[in-house]
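Colleague:
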Amino acid sequence: MTYSLRSRLLAGVVAGITFVLCVFCLVIYTATRQTLIYQFDKSLLSTAKMLSAVIENENYDNDDNEQQGPQDEIVIGSLHRKIDFQFDVRAIPEFNNLYGGAYYQFRDANGITIIRSPSLPNTDLNIFKAISDIPQYTECILPDGSAGRAIGFQFIPEGGKKIAGSTLSIIVAKDISSISGHLHFLVWLLLISSAVMILLSIIVALLVTRAGLRPIHTLADEISAIDTENFQKTHISEKYPRELLPVNRCLNNLLQRIKSSFDRERRFNSDIAHELRTPLAGIQSTIEVCLSRTRQAEDYQAALRTSLQITKSMHRMIDTLLSLAKLESNQITLNYEHISLKNTVADCWQSFANRAYERKITFENRIAGDAVCFSDRDQFSIILFNILDNAIEHSNQAGRIWVKAEKSTDFVTLSISNTGCKIKQEEIPNIFDSFWRGDKSRKDTDKHCGIGLAVVQRVTRVLGGTVTAEIKPQEIFTIHLSLPVS
Amino acid sequence: MRLLIVEDYKPLQKSLVKGLREAGFAVDFSGDGQEGLWYAKSNEYDVIILDIMLPGLDGLNILKQLRSVGNKTHIIILTAKDTLEDKIKGLDFGADDYLIKPFAFEELLARVRALIRRNYQQKCNRLTIEDLDIDLNKQQVYRNNQPISLTPREYALLEYLAVRAGQIVTRTDIWEHVYDFNSSASSNVVDVYIGYLRKKFEKQGKASLIHTIRGRGYMLGVQL
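Protein chains in written order, with the working numbering: chain V, 1 to 486; chain U, 1001 to 1224.
1) Gly399/V versus chain B: which residues are under 8 angstroms apart at the beta carbon?
2) Could you spell out where the beta strand (DSSP E) holding Lys472/V opens and where it closes?
3) Excluding the five sequence neighbours on either side, which residues of its own chain have a C-beta within less than 6 angstroms of the C-beta of Gln425/V, listed in chain order?
4) Closest by CA to Tyr137/V, which one among Leu44/V, Lys259/V, Thr320/V and Ala211/V?
5) With a threshold of 8 angstroms on Cβ separation, who are the neighbours of Leu1197/U within its own chain once the five nearest residues in sequence on each side are excluded?
6) By the three-class DSSP mapping on this structure, what secondary structure does Asn418/V have?
7) Mind checking Asp1133/U: buried by the 16 CB within 10 Å criterion, or exposed?
8) Give every residue of the same chain whose Cβ lies closer than 7 angstroms to the Cβ of Lys1101/U, excluding the five residues on either side of it in the sequence, and list them in chain order.
9) Mind the definition here: the region 296–307 of chain V touches the region 333–347 of chain V only if three or more C-beta pairs lie below 8 angstroms; say whether that holds.
10) Would you grab the beta carbon distance between Ile171/V and Gly152/V for me? Rounded to a whole angstrom, and I think it's under 8 angstroms.
11) Taking 8 angstroms as the threshold (beta carbon to beta carbon), is Asp1086/U in contact with chain V?
12) Could you have a look at Val1069/U and say whether DSSP puts it in helix, strand or coil?
13) Closest Cβ-Cβ distance between Ile423/V and chain U: below 8 angstroms?
14) Shorter than 8 angstroms from the beta carbon of Thr1212/U to some beta carbon of chain V?
15) Just list the beta strand (DSSP E) runs in the region 1050–1102 of chain U, keeping only unbroken ones of 3 residues or longer that don't cross its boundaries, in chain order.
16) Is Thr294/V close to chain U, meaning its C-beta is less than 8 angstroms from at least one C-beta of that chain?
17) Just the chain U side, please: which residues come within less than 9 angstroms of Arg277/V by C-beta, in chain order?
18) For Glu374/V, list the residues DSSP reports as bridge partners.
19) Which residues in chain U sit within 8 angstroms of Gly420/V, going by Cβ to Cβ distance?
20) Using a Cβ cut-off of 8 angstroms, pull out every chain V residue sitting near Glu1154/U, in sequence order please.
21) Report the neighbours of Gln284/V on chain U: residues whose CB is nearer than 8 angstroms to its CB, in chain order.
22) Any idea what DSSP makes of Pro279/V, helix, strand or coil?
23) Arg1198/U CB to nearest chain V CB: under 8 angstroms?
24) Once DSSP output is grouped into helix, strand and coil, what is the label at Phe477/V?
25) Exposed or buried, which one is Met50/V when buried takes at least 16 other CB atoms within 10 Å?
26) Which residues, in chain order, does the region 289–315 of chain V contribute to contact with chain U at a C-beta distance below 9 angstroms?
27) At 3 residues or longer, what runs of the beta strand (DSSP E) sit wholly inside the region 1100–1144 of chain U?
28) Report yes or no: is there a C-beta of chain U within less than 8 angstroms of the C-beta of Ala281/V?
Below, the structure is given as structure tokens:
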């Protein structure tokens, strides 16, 4: 199933941004909430401290002090105590409204309530299970039913002695609706801004992915513009981002290889076309002309002989072209081995010895006995056969042919020379072309089919070697064949 | 009519020369580009049959060089190259016709005849001069609907005179268009053949139709 790269990128980017935004909002919300609660707790603590500071603890015995505020009197065990507020607690109005959202309560060491705020007429603030002298905070439900926060700690009132049972505990609780209001506002703010941010991020991601993916679209366009019929364009430009370069390189490589195999096929077709159409035309016109009127028996025989000879040469040509095509498309397995050059050249020359003798051509094998190349024996023989055939074909009457070998580090260069060369210097680049013929006279039935040196070049290339031609003074033509030695 | 064949593939060259000569043409041939060009430049051919892949000089170059010196000879390109580009290239270089190998010999003959007709502004295959009828395709000659049997050489001579009927045709013209390099180079061979033709026409008991224009040549048709 295909999917869109762009949609995937877009979805990924938007999901990522949404996730980050969520985490961010959560952090903001928690931090703000913690800060607000911390502030609230600080104010709770200061209120509680203030309340605890204005309380004095006196024994009943010293009651000559002037009463300045209302007093509560509580009997704790056998000890009489007087709780004394140094100022009028009613002066703190927030504790005066009944169920007004702010409450306090003092208890003695036995948990007996000593004082309650006016807002708390007859309910207890049973919020903490145990109270120590370290202030502790908790969330709670206030007597009026709203959510609140409370502080509680033990303390020794002013003037009291540090004896067991003299400690009091204070609990102050306040409504936190103001914090909730702030937090509600924050939540809405974060939600709306997140939504806007996500919307914006979708737009930005759309633009960015479009811009970012443009090279891929361009590459796709360029690839689809390649004409798979004739492969005229076989190179994709290198203007792409670094990430696409491997794709680019691989494609170019592939295209080049497809192109070369196309070229090979085309060359084969062209070879077939040219090398077979002409002899076919020869057969057809020979037969047609012969049949155009009644003739002598020997005329028919001559026409048949010509046709047969052409047919045989076509047969050879087809075999050559087919094996060349097979070789170039790697359909022939090559068996590489070390081949003695001197012996192979000598063996190959045997097939030409008679022809050479007839034309009084002398042959010299000047190759050193230890010269070897690393190649496929059959293919190497084909190369040698064609070069020697060409040499003997173009050598002058009573001419010379000689073969030398020179070794360099990785290659051995075999030089096959013949005298009597009529090829001009400027024709050298053409001699490896399939159709090119240096000699003016083709044999009657075209035994020498003209692709000899083309075969040499193409087989040599397959074997990893190179072949060049050279014309030296005194009409000496030399083919240099370089082949690997290992 | 005189033709030049430039084709390096010997079996094809040989059969074409043989076939075309048997069809009554005077045929010169060459298997080399340079030599072919020299032939084409130094003789007046009615049609040149030209291969493209040639040793020495390729056919398209021959074509180009001939056209560049103003040679207007009709040229048929004969080649194994069968792509559209090759055909267009050949025709653009100045070829008059293009024949892909292998081809039927009859087709080549028909095309050669068509080009020759064009050479002499003839549209049909039958020539009528007075009471003389010549079927160019069948190479049959009739006078008053009576067939006259002619040798190929006699026919070739008559045909050349017929396509130029009413014009004075010089001995050189006849020599150039009716004889090839194979013909024996005798100065009076033209006069001898004219004599043969006249004799065959006179057998029918009529005027020979071939007139001698003193000091200039011959003319077929009614003398003005």
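Think of the CB as a built atom: it goes at the ideal place given N, C-alpha and C, for glycine as much as any other residue.
Modeller: To lay it out plainly:
1) Absence of chain B from the displayed structure is noted, the protein chains being V and U.
2) Here residue 472/V refers to the residue found at position 472 when the first sequence is read from its first residue. Run containing Lys472/V: Thr466 to Lys472, per the beta strand (DSSP E) assignment.
3) The count along the first sequence starts at 1 and reaches residue 425/V at position 425. For Gln425/V, where only same-chain residues beyond five positions count, the Cβ hits under 6 angstroms are Ile471.
4) Walking along the first sequence from the start, residue 137/V turns up at place 137. Nearest C-alpha to Tyr137/V: Leu44/V.
5) Position 197 of the second sequence, counted from the start, is the residue given in the question as residue 1197/U. Once the five neighbours on either side are set aside, the close Cβ partners of Leu1197/U are Leu1150, Glu1154, Leu1157, Leu1158, Ser1208 and Ile1210.
6) Counting from 1 along the first sequence, the entry for residue 418/V is found at position 418. It is a strand residue.
7) If you number the second sequence from 1, residue 1133/U lands on position 133. Buried, since its Cβ has 16 or more Cβ neighbours within 10 Å.
8) Here residue 1101/U refers to the residue found at position 101 when the second sequence is read from its first residue. Correct list, in chain order: Leu1078, Thr1079 and Ala1080.
9) no
10) Residue 171/V sits at position 171 when you count from the first residue of the first sequence. Residue 152/V sits at position 152 when you count from the first residue of the first sequence. Rounded, the Cβ-Cβ distance is 4 angstroms, consistent with contact.
11) In the second sequence, the residue the question calls residue 1086/U occupies position 86. It does not: the Cβ of Asp1086/U has no partner Cβ on chain V nearer than 8 angstroms.
12) The residue you call residue 1069/U lines up with position 69 of the second sequence. The answer is coil: DSSP assigns Val1069/U none of H, G, I, E or B.
13) Here residue 423/V is taken as the residue at index 423 of the first sequence, counted from 1. Chain U contact via Cβ: absent.
14) Within the second sequence, the letter at position 212 stands for residue 1212/U. Answer no: the Cβ-Cβ gap between Thr1212/U and chain V never drops below 8 angstroms.
15) 1074–1079 and 1097–1100
16) Within the first sequence, residue 294/V is the residue found at index 294, counting from 1. By this cut-off, Thr294/V is not an interface position.
17) Residue 277/V sits at position 277 when you count from the first residue of the first sequence. Within 9 angstroms Cβ-Cβ: Thr1079, Ala1080, Lys1081, Asp1082, Ile1100, Lys1101 and Pro1102.
18) Locating residue 374/V in the first sequence gives position 374, counting from the first residue. At residue 374/V the sequence reads Phe, which differs from the Glu that was named. Answer is His338/V.
19) One-based indexing of the first sequence puts residue 420/V at position 420. What Gly420/V touches in chain U: nothing, since even the nearest Cβ is about 17 angstroms away.
20) Sequence index remark: in the second sequence, residue 1154/U carries index 154 (1-based). Those within 8 angstroms of Glu1154/U in chain V number zero; the least Cβ separation is about 18 angstroms.
21) As a first step, residue 284/V must be located in the first sequence, where it is residue number 284. Those within 8 angstroms of Gln284/V in chain U are Pro1102, Phe1103, Ala1104 and Phe1105.
22) Taking the first sequence and counting its residues from 1, one reaches residue 279/V at position 279. Pro279/V: helix per DSSP, three-state reduction.
23) Translated into the one-based positions of the second sequence, residue 1198/U becomes position 198. No, no contact with chain V.
24) In the first sequence, the residue the question calls residue 477/V occupies position 477. DSSP places Phe477/V in strand when its eight states are reduced to three.
25) Here residue 50/V is taken as the residue at index 50 of the first sequence, counted from 1. The residue in question, Met50/V, is exposed, as its Cβ has fewer than 16 Cβ neighbours within 10 Å.
26) Val289, Cys290, Ser292, Arg293, Ala303, Thr306, Ser307, Gln309 and Ile310
27) 1126–1129, 1132–1135 and 1140–1143
28) The sequence position of residue 281/V within the first sequence is 281, counting from 1. Closer than 8 angstroms to some Cβ of chain U, the Cβ of Ala281/V qualifies, so yes.
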